[in-house]
Amino acid sequence: MSFDSLGLHSSILRAVQAKGYTTPSPIQEQAIPIVLTGRDLVASAQTGTGKTAAFALPILNRLGPHKKPGPRVLILEPTRELAAQVDENFADFGKFTDLKRALLHGGVGYGKQRADLLAGADIVTATVGRLLDFLNERVLRLDHLQVLVLDEVDRMLDMGFIKDVKKIVSLCPKNRQTLFFSATIPPEIQEIARFALKDPAHVTIGRTRSVNESVTHAIYPVAHHLKFPLLLELLKKTEYKSVIVFSRTKHGADKIARKLKAEGHTVALLHGDRSQGQRKAALEGFKNGTLEVMVATDIAARGLDVAGVTHVINYDIPATPDDYVHRIGRTGRAAAEGDAFTLVTPDQTGELRAIEKFIKATIPQLTMEGFDYKAKAPVPAPGQGAGPRPPRQGRGGRPGNAGPQLGRSGQGQPRHHGHRPDGRPTSGQPQRADHRRGDDPSPRAPLPGTTGGKGSGGQQRDKDRAPNPFIQKGRPGAHWQTRNSGRR
Ligand code: AMP
């Protein structure tokens, strides 16, 4: 199927073409015709499936030319970065129209946002708090709203925004169209959907719990005090183009970033306590390649669309299996490929098990060749506090075990980095990186030491690799492509 057959105006098709999209993704194929009819929609789809265009294109199509009276479209997003990303998509897809936009979010002044609203924005993309400020100020009214998009609803729920979202929904005209996007639709989310939508169509893309199969996963078991040295070693031995390092906490992210900088890395730091200017600079620097490593917390990085992220490193194992899926979704986007490494301490086997159960796959465990797993924790200098936390005794790990083993019943010893399961030695480098850089036209080799488990490098890559589950659903063999495969 091509975009031409979806019933979109030529001005929008030109913009789609300019963006380099040639084939609609499955969610675009399914959602665009529904949205064009004006019907409400509940879509269960993760970021990375092309869901932004799935709502932006038909919305732009329905709007026609600019009109004065006030916003006709409102898109609610959980984070500033996501709001900015969606607004940018509307700018790109609407570039051959005269429609006006306003992007409203916190962390910056009110002046430009107020001016954009007063200039008659047709499309408002907003985070909840700032939108409520403008509604309270009465600079913004929603009387003429035709389409309301609630995006990433599960994350809005996690972030405690649902009461405010409901309030905003109740301020919208009743005869609007509502589009509802959420990666997962548990009962609380269904309840919100019932509240906000009328007789919606349902679209589900992929198994909501599945991980992106274009991503290769590996676990690196390590003692707590060796996490940072192992991170450095991973960065040294991995030929990444750009990498996101995830920390569970803001404080932890600050610390990792500081230490990486001290080791000569260029670092973008993204978390909720950073000012909007800092967050913007970090994201821009990371996107344009001047900053090679991004250190981020889950909330800040949720849904971020940065092309060409080759590696995700979970410095801290994610707090929930769902977060694991979201974190690794930052790489391997739009059917590109990526690696996801997770550092796991002996006390975290329970969390690891929960992730593996959730994604229904066993993640291969690797060790880093040449890394000193027996190194002692540094003794803190007087007055320097407690120093690094010693490893707690784990359920699966041996007491005080500083080595790489994670207790896994029925699982052999971790394999050594640098050896394939068949015992053939490798260079000790994830060789895919060369291929990704275009230096080596041969098919990608598997990650050293990985097996053919789901998402692992044991699969044959490229032409005949397993299709992404989001792509496969209902249309075996279908692919969507872009000509813009580089960084944005
Ligand atoms: P999203 O899920 O909307 O965040 O999109 C994920 C990534 O896929 C973004 O980089 C989009 O630009 C890209 N994308 C979306 N739709 C298509 C398409 N039909 N062809 C190629 N790339 C796409």
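Following the numbering used here, the numbering of the sequence shown begins with 3 at its first residue and continues without gaps.
By construction, the Cβ of each residue, glycine as well, lies at the ideal position given by its N, Cα and C atoms.
{"Check": "Cutting at 6 Å between CB atoms, please list the residues of its own chain near Leu354, excluding the five before and the five after it.", "Outcome": "Val346"}
{"Check": "Let me make sure I understand the geometry here. Which of Lys70, Glu83 and Gln30 has the alpha-carbon closest to that of Leu306?", "Outcome": "Glu83"}
{"Check": "Give the single residue among Ala356, Gly108, Glu294 and Thr24 whose Cα lies nearest to the Cα of Ala86.", "Outcome": "Gly108"}
{"Check": "Buried or exposed: which applies to Met370, given that a residue is buried once 16 or more other Cβ atoms fall within 10 Å of its Cβ?", "Outcome": "buried"}
{"Check": "Measuring only from the beta carbon, is Lys378 closer than 7 Å to any heavy atom that is part of ligand 1?", "Outcome": "no"}
{"Check": "Using the beta-carbon count (16 or more within 10 Å), is Pro189 buried or exposed?", "Outcome": "exposed"}
{"Check": "Do the CB positions of Arg116 and Val141 come within less than 8 Å of each other?", "Outcome": "yes"}
{"Check": "How is the beta strand (DSSP E) around Val75 delimited, first residue to last?", "Outcome": "Val75 to Glu79"}
{"Check": "So, are the CB atoms of Ala377 and Leu228 less than 8 Å apart?", "Outcome": "yes"}
{"Check": "Looking at Pro35 and Gly9, is the spacing between their C-beta atoms short of 8 Å?", "Outcome": "yes"}
{"Check": "Using CA atoms only, rank isn't needed, just tell me which of Asp124, Gly352 and Lys261 is closest to Arg143.", "Outcome": "Asp124"}
{"Check": "Have a look at Gly113 and Leu106 and give me their C-alpha separation to the nearest angstrom.", "Outcome": "11 Å"}
{"Check": "In chain order, what residues of the same chain have a beta carbon less than 8 Å from the beta carbon of Leu293, not counting five sequence neighbours either side?", "Outcome": "Thr268, Val269, Ala270, Ala284 and Gly287"}
{"Check": "What residues match up with Gly352 in a beta bridge as DSSP calls it?", "Outcome": "Answer is none; Gly352 lacks a bridge partner."}
{"Check": "For the candidate residues Asp318, Gly340, Ile301 and Phe360, whose alpha-carbon lies nearest to that of Ala309?", "Outcome": "Gly340"}
{"Check": "May I ask you to list the residues that DSSP assigns as paired with Ile246?", "Outcome": "Met296 and Val314"}
{"Check": "In terms of alpha-carbon separation, which member of Ile207, Leu152, Tyr222 and Ala225 lies closest to Ile77?", "Outcome": "Leu152"}
{"Check": "Give me the residue from Leu233, His253 and Ala203 with the minimum Cα distance to Asp300.", "Outcome": "His253"}
{"Check": "Measuring only the C-alpha atoms, how far is Ser4 from Gln30?", "Outcome": "11 Å"}
{"Check": "CB of Gly96 to nearest heavy atom of ligand 2: below 7 Å?", "Outcome": "This structure lacks ligand 2; the ligands present are ligand 1."}
{"Check": "So, for Arg261: in the same chain, excluding its five sequence neighbours on each side, which residues have a beta-carbon less than 7 Å away from its beta-carbon?", "Outcome": "According to the sequence shown, residue 261 is Lys rather than Arg. Contacts found: Phe230."}
{"Check": "Excluding the 5 residues preceding and the 5 following Tyr222 in the sequence, name in chain order all residues of the same chain whose CB lies nearer than 8 Å to its CB.", "Outcome": "Leu232, Leu236, Phe343, Thr344, Leu345, Val346, Gln367, Leu368, Thr369, Met370 and Pro406"}
{"Check": "When the Cα atoms are used, what is the spatial distance from Pro73 to Phe95?", "Outcome": "18 Å"}
{"Check": "Return the CA-CA distance between Ala225 and Phe163, expressed in angstroms with no decimal places.", "Outcome": "37 Å"}
{"Check": "Compute the Euclidean distance between the alpha carbons of Val217 and His313, then round it to the nearest angstrom.", "Outcome": "9 Å"}
{"Check": "Ignore the nearest five residues each way along the sequence and tell me which others in Gln350's own chain have a CB closer than 6 Å to its CB.", "Outcome": "Ile319"}
{"Check": "Could you check where the alpha helix (DSSP H) with Gly287 kicks off and where it finishes?", "Outcome": "Gln278 to Lys289"}
{"Check": "Roughly how many angstroms lie between the CA atoms of His273 and Arg132, to the nearest whole one?", "Outcome": "19 Å"}
{"Check": "Go ahead and pull the three-state DSSP assignment for Leu152.", "Outcome": "strand"}
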